[in-house]
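**Q**
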Amino acid sequence: MTHYTFSDRRFLSFPAINPCSAVSPAALLADLSTLAADIDVIGRRQTGNFRTHRRAAREALRYATIILAFLDDLGPFSTALTRSALLGLSDLHVTLQKLRLLLADCARVGARIWILLNADRIAGEFRVLLRSVSIALEFIPLDSVDISAEIKDLVRLLAGQARRVEVGVERVDELAGRSVRSMLKQFQSGESPDPYDLRRVLNHLKITSWIDCFAEVAFLEEEIFAEERNGEAALLWSSMGLMVYSLVVLFDKTANGKSRKIEECFCRQESSVTIEKLNADDLRCPISLELMKDPVTVSTGQTYDRSSILRWLKSGNQTCPVTGEVLASADLIPNSIIRQLISLYCHENGILTAQQGKARKRDLSKTLSPASPAAVGAIRMASTVLVGKLATGESEKKNMASYEIRMLSKSNIFNRICLVEAGAVRWLLSVLSSSSDSTLQDNAIAALLNLSKHHSGRTDIFEAGGLPPVVQVMRFGHKVESQKNAAAVLFYLSAMEACREAIGEIPEAIPSLVQLLKNGTYRAKKNGIVTIYSLLLFSGNQAKILAADTVAVIADLLESEEDEEDLVTDCVGVLAKIAERPDGTNEILKSCVLSNLVHVLRSSSSSSGKEYCVSALLSICKNGGDKAMSLLEKMPLLMPSLYSLLSDGSRQTSKKARSLLNCIHQFNDQRYSPVLAFHEPIVHAL
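What follows is the structure in structure tokens.
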């Protein structure tokens with residue numbers, strides 16, 4: 001038998017697979033022993049993580065220990081097992097699968113408040129599963145099995161206890177749950193809870209540091225994204241609101257070294273400096289020694305490529321390949337941080353990778369409107385506290401507040417709205433203008449980037465005079481990451497028509513964007529080029545963009561970054577926009593970028609890229625006259641590419657390709673046909 005993994009299962013769901021009816025008794029016993037050992041390992045290694053349902057967890061772990069001893073004794077007699085015994089063992093196999101998942105969920109770091117608020121449901125799951133152990137054991141005729149009398153007595157005792165077991169919510173958990181619900185009502189009515197009461201509940205759950213609290217926020221947000229039926233949305237939002245408030249009011253992320261180290265882990269995925277220093281071997285699968293495509297983490301904390309570790313497990317191995325420890329669970333947890341690190345590393349080093357494993361898609365619209373009034377109250381209060389820290393705190397407090405705004409606004413629209421309404425933009429801009437601290441600057445510009453993704457944030461940045469300080473960070477930011485994020489802020493701001501003109505009026509803005517195209521990282525170049533495209537939507541910016549030598553820089557990019565299709569597509573999009581006007585066409589003809597456009601047209605697999613190329617070439621033909629046509633005529637690969645688009649391109653692309661072909665044919669006809677006298681009649685050949 002093999003280990004079945006349910007890496008995509010929802011939290012507190014317990015899928016299980018019935019053993020095949022043809023499975024051999026020896027294989028069934030071996031797999032049962034593995035399941036019981038898994039449960040035993042969870043108990044020994046994660047005892048401290050069971051902050052609720054402790055009695056039920058202890059019972060489950062005691063059952064697993066006795067069952068493991070029973071199975072060890074039973075092993076040598078597997079061939080003598082009756083059909084009834086095999087049925088009982090098969091039922092026990094299903095029960096232990098579910099029990100292992102339940103215990104793993106109860107011990108999961110980050111899920112403690114959610115476990116507490118679902119205490120009744122979880123107690124019911126424990127009750128059903130522990131009683132199922134009794135039912136399964138009663139199928140096994142112990143008198144017909146030649147095992148020690150002591151083990152038989154233990155199994156009979158266990159079956160009897162399991163049949164009568166009463167599992168409910170423990171008194172201390174019940175009181176903590178009542179306190180939480182009382183606090184949620186306070187948030188709903190616009191009152192803040194007593195910090196002492198809040199800390200008492202969190203201490204019960206052993207949520208005692210900034211990182212413990214942030215783990216709760218991150219887990220609850222993931223559950224909101226995964227929620228499909230909306231049946232739990234209100235409680236999820238309420239819980240997250242409570243933890244966001246706790247994070248901001250009760251904890252200091254710099255209070256201890258552990259929090260600081262974990263903060264660095266969270267920041268690492270966004271730091272190009274770290275990427276440059278990163279050892280590529282850290283991103284390789286320890287089994288295949290290749291860069292991981294779909295990194296997953298096993299119970300020992302080691303990360304492997306999914307396909308490699310699955311092959312390892314399916315081969316019958318039950319240990320971690322690196323540490324040699326027995327795996328407490330066969331579950332594979334997707335490691336999104338490592339995935340993003342690999343993606344960034346590949347971009348920065350020009351490495352092409354195959355399509356990576358599917359990641360869970362986030363629908364940010366789920367975070368637009370909280371499903372509970374308690375969450376609204378809690379998040380608004382937390383936002384006010386954060387802005388207060390920005391306004392009045394010392395440098396370290398401002399850095400902490402900027403970082404928390406950055407993290408809380410990263411993927412939550414409602415958080416962005418509340419922070420903007422609380423006045424965060426004004427104070428973040430003040431930090432940019434006054435601080436020389438590189439970390440504070442990095443956190444502040446990243447926070448502004450997240451807030452600029454909402455229209456109210458863009459409006460606030462513009463109206464507060466935020467363009468000059470953002471441009472200054474793009475030019476002189478202490479970190480490459482800060483410069484890249486500043487360019488991204490300008491991109492979102494340029495969605496506003498008034499902003500496009502205002503950005504163009506800042507003398508350093510456009511040259512700084514072009515400088516990013518020359519010397520920036522992949523992401524900086526990407527942010528720079530899309531911002532330039534957006535600025536071109538205001539016609540008054542074209543001359544300034546041409547004066548900054550943008551076309552020549554793009555020509556270099558099309559050669560040096562030809563393998564980066566997204567970036568190439570954006571570059572030809574800018575050229576297509578520039579070519580719409582005669583001055584842009586003249587600049588393109590002077591820069592000798594035509595051959596690059598034809599190469600992209602022929603080689604690109606992007607439909608958008610092909611359409612941009614045809615649009616650019618068509619505008620160049622119309623605006624460039626005979627000079628442009630003569631240059632195109634000397635490119636033999638152009639015509640076959642255009643003809644292929646007539647049948648393979650989109651409707652719009654085909655239409656433009658046909659127009660371009662007509663222009664070329666008309667030019668050739670005029671050039672090579674005999675010159676006809678004015679009003680001379682044309683005689684068609686028969």
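Following full-length UniProt numbering, the residues of the sequence shown are numbered contiguously, the last one being 686.
We put the CB at the ideal spot given by N, CA and C, even for glycine.
Once you ignore the five residues that flank Ser179 on each side, which residues in its own chain have a CB closer than 8 angstroms to its CB?
**A** Along the sequence shown, one-based indexing puts residue 179 at 179. Cβ neighbours of Ser179 beyond the five flanking positions: Asp197, Arg200, Val201.
**Q** State the start and end residues of the unbroken beta strand (DSSP E) segment that holds Val296.
**A** For this step, residue 296 is matched to residue 296 along the sequence shown. Looking at the DSSP string, the run of the beta strand (DSSP E) that includes Val296 is 295-297.
**Q** Would Ala616 and Ala579 qualify as a contact pair, given that the criterion is a beta-carbon distance under 8 angstroms?
**A** If you number the sequence shown from 1, residue 616 lands on position 616. If you number the sequence shown from 1, residue 579 lands on position 579. Taking 8 angstroms as the Cβ cut-off, Ala616 and Ala579 qualify as a contacting pair.
**Q** Kindly indicate which three-state DSSP category Val614 falls into: helix, strand or coil?
**A** Reading the sequence shown from its first residue, position 614 is the one you call residue 614. In the three-state scheme derived from DSSP, where H, G and I count as helix and E and B as strand, Val614 is classed as helix.
**Q** Excluding sequence positions up to five away, which residues of its chain have a Cβ less than 6 angstroms from the Cβ of Ala375?
**A** Numbered from 1 along the sequence shown, position 375 holds the residue referred to as residue 375. Only Trp237, Ser238, Gly241 meet the Cβ criterion.
**Q** Where do the N-terminal and C-terminal ends of the alpha helix (DSSP H) with Thr569 fall, by residue?
**A** Position 569 of the sequence shown, counted from the first residue, corresponds to residue 569. For Thr569, the uninterrupted alpha helix (DSSP H) run begins and ends at 565-578, by DSSP.
**Q** Bridge partners for Asp305 per DSSP, in chain order?
**A** Working through the sequence shown from its first residue, we reach residue 305 at position 305. Paired residue(s): Pro295.
**Q** Report yes or no: do the stretch 527-544 and the stretch 490-498 share at least 3 C-beta pairs separated by less than 8 angstroms?
**A** yes
**Q** Report the option in Asn541, Leu513, Lys518 whose CA atom is closest to the CA atom of Glu497.
**A** Here residue 497 refers to the residue found at position 497 when the sequence shown is read from its first residue. Nearest of Asn541, Leu513, Lys518 to Glu497, Cα basis: Asn541.
**Q** Does the stretch 44-58 come within contact of the stretch 166-175, defined as at least 3 CB pairs closer than 8 angstroms?
**A** With a cut-off of 8 angstroms, the stretch 166-175 and the stretch 44-58 count as touching, because enough Cβ pairs lie within range.
**Q** Taking Gly584 and Leu546 to be in contact with their CB atoms under 8 angstroms, please state how far apart those CB atoms are, rounded to whole angstroms.
**A** Here residue 584 is taken as the residue at index 584 of the sequence shown, counted from 1. Here residue 546 is taken as the residue at index 546 of the sequence shown, counted from 1. The C-beta separation of Gly584 from Leu546 comes to about 7 angstroms, placing the pair in contact by the 8 angstroms criterion.
**Q** From Leu142 to Arg10, what does the alpha carbon distance come to, in whole angstroms?
**A** As a working mapping, residue 142 is identified with position 142 in the sequence shown. As a working mapping, residue 10 is identified with position 10 in the sequence shown. Take the alpha-carbon of Leu142 and the one of Arg10: they are about 38 angstroms apart.
**Q** Please check the pair Cys663 and Cys613, which I expect to be a contact at CB under 8 angstroms, by giving their CB distance rounded to whole angstroms.
**A** Taking the sequence shown and counting its residues from 1, the one referred to as residue 663 is at position 663. Taking the sequence shown and counting its residues from 1, the one referred to as residue 613 is at position 613. Not a contact, Cβ separation roughly 15 angstroms.
**Q** At which residues does the alpha helix (DSSP H) containing Gly316 begin and terminate?
**A** Counted from its first residue, the sequence shown places residue 316 at position 316. Careful: Gly316 lies outside any alpha helix (DSSP H) and carries neither H nor E.
**Q** Could you have a look at Val169 and say whether DSSP puts it in helix, strand or coil?
**A** Counting from 1 along the sequence shown, the entry for residue 169 is found at position 169. Coil, per DSSP.
**Q** Who are the Cβ neighbours of Ser272 in its own chain at under 6 angstroms, not counting the five residues just before and after it?
**A** Against the sequence shown, residue 272 aligns to sequence position 272. Note on Ser272: pLDDT 40, under 50, position unreliable in the model; the coordinate value appears next. Taken in chain order, the residues that qualify are Val480, Glu481, Thr521.
**Q** Three or more C-beta pairs closer than 8 angstroms, one from the stretch 307-314 and one from the stretch 285-294: is that the case here?
**A** yes
**Q** Would you call Pro19 buried or exposed, if buried means 16 or more other Cβ atoms sit within 10 Å of its Cβ?
**A** Here residue 19 is taken as the residue at index 19 of the sequence shown, counted from 1. So Pro19 ends up on the buried side.
**Q** Run the CB neighbour count on Cys106, radius 10 Å, all protein chains shown included, and call it buried at 16 or more, exposed below.
**A** Locating residue 106 in the sequence shown gives position 106, counting from the first residue. Buried, because 16 or more other Cβ atoms sit within 10 Å of the Cβ of Cys106.
**Q** Between Leu432 and Val385, is the Cβ-Cβ spacing less than 8 angstroms?
**A** Mapped onto the sequence shown, residue 432 falls at position 432. Mapped onto the sequence shown, residue 385 falls at position 385. No, the pair does not count as a contact, with Cβ atoms beyond the cut-off.
**Q** For a test of the three-state rule: what should DSSP assign to Val217, helix, strand or coil?
**A** Looking up residue 217 in the sequence shown gives position 217. Here Val217 sits in helix by DSSP.
**Q** So, helix, strand or coil for Val41, using DSSP?
**A** Numbered from 1 along the sequence shown, position 41 holds the residue referred to as residue 41. Three-state result, Val41: helix.
**Q** Could you pull the start and end residues of the alpha helix (DSSP H) that Leu142 belongs to?
**A** Position 142 of the sequence shown, counting from 1, holds the residue named residue 142. Premise fails: Leu142 is in no alpha helix (DSSP H) and is neither H nor E.
**Q** So, are the CB atoms of Leu96 and Leu184 less than 8 angstroms apart?
**A** Counted from its first residue, the sequence shown places residue 96 at position 96. Counted from its first residue, the sequence shown places residue 184 at position 184. Not a contact, by the Cβ cut-off of 8 angstroms.
**Q** Kindly give me the distance between the Cβ atoms of Met635 and Ser604, rounded to whole angstroms, as I take these residues to be in contact under 8 angstroms.
**A** In the sequence shown, the residue the question calls residue 635 occupies position 635. In the sequence shown, the residue the question calls residue 604 occupies position 604. The pair is not a contact, with the Cβ atoms about 16 angstroms apart (cut-off 8 angstroms).
**Q** Rounded to whole angstroms, what's the CA-CA distance from Val155 to Ile147? Just pull it up for me.
**A** If you number the sequence shown from 1, residue 155 lands on position 155. If you number the sequence shown from 1, residue 147 lands on position 147. Each residue's alpha carbon lies about 11 angstroms from the other.
**Q** So, with DSSP's three-state summary, where would you put Pro334?
**A** The residue you call residue 334 lines up with position 334 of the sequence shown. Here Pro334 sits in strand by DSSP.
**Q** What separation, rounded to the nearest whole angstrom, lies between the Cα atoms of Glu232 and Pro370?
**A** One-based indexing of the sequence shown puts residue 232 at position 232. One-based indexing of the sequence shown puts residue 370 at position 370. Glu232 and Pro370 have their alpha carbons spaced roughly 12 angstroms apart.
**Q** With which residues is Arg284 paired in a DSSP beta bridge?
**A** Working through the sequence shown from its first residue, we reach residue 284 at position 284. The partner list for Arg284 (beta bridge, DSSP) reads Leu291.
**Q** Do Val217 and Ala382 have their beta-carbon atoms positioned less than 8 angstroms apart in this structure?
**A** Within the sequence shown, residue 382 is the residue found at index 382, counting from 1. Within the sequence shown, residue 217 is the residue found at index 217, counting from 1. In this structure, Val217 does not lie closer than 8 angstroms to Ala382 by Cβ.
**Q** For Val551, name the three-state secondary structure that DSSP assigns.
**A** Counting from 1 along the sequence shown, the entry for residue 551 is found at position 551. It is helical.
**Q** Helix, strand or coil: which one does DSSP assign to Val326?
**A** What you label residue 326 is simply residue 326 of the sequence shown in a count that begins at 1. Note: Val326 maps to strand in three-state DSSP.
**Q** Output the distance between the C-alpha atoms of Gln161 and Leu61, rounded to the nearest integer angstrom.
**A** Numbered from 1 along the sequence shown, position 161 holds the residue referred to as residue 161. Numbered from 1 along the sequence shown, position 61 holds the residue referred to as residue 61. Approximately 14 angstroms between the Cα atoms of the pair.
**Q** Applying the criterion that 16 or more other CB atoms from any shown protein chain within 10 Å of the CB defines a buried residue, is Ser329 buried or exposed?
**A** Along the sequence shown, read from residue 1 onward, the residue named residue 329 stands at position 329. The residue in question, Ser329, is buried, as its Cβ has 16 or more Cβ neighbours within 10 Å.
**Q** Beta-carbon separation of Cys140 and Leu89 under 8 angstroms?
**A** Looking up residue 140 in the sequence shown gives position 140. Looking up residue 89 in the sequence shown gives position 89. The sequence shown places Ile at residue 140, not Cys. Result yes, Cβ atoms of Ile140 and Leu89 sit closer than 8 angstroms.
**Q** Please report how far the alpha carbon of residue 687 lies from the alpha carbon of Ile333, in whole angstroms.
**A** Limits of the chain in this structure are 1 at one end and 686 at the other, which puts residue 687 out of reach.
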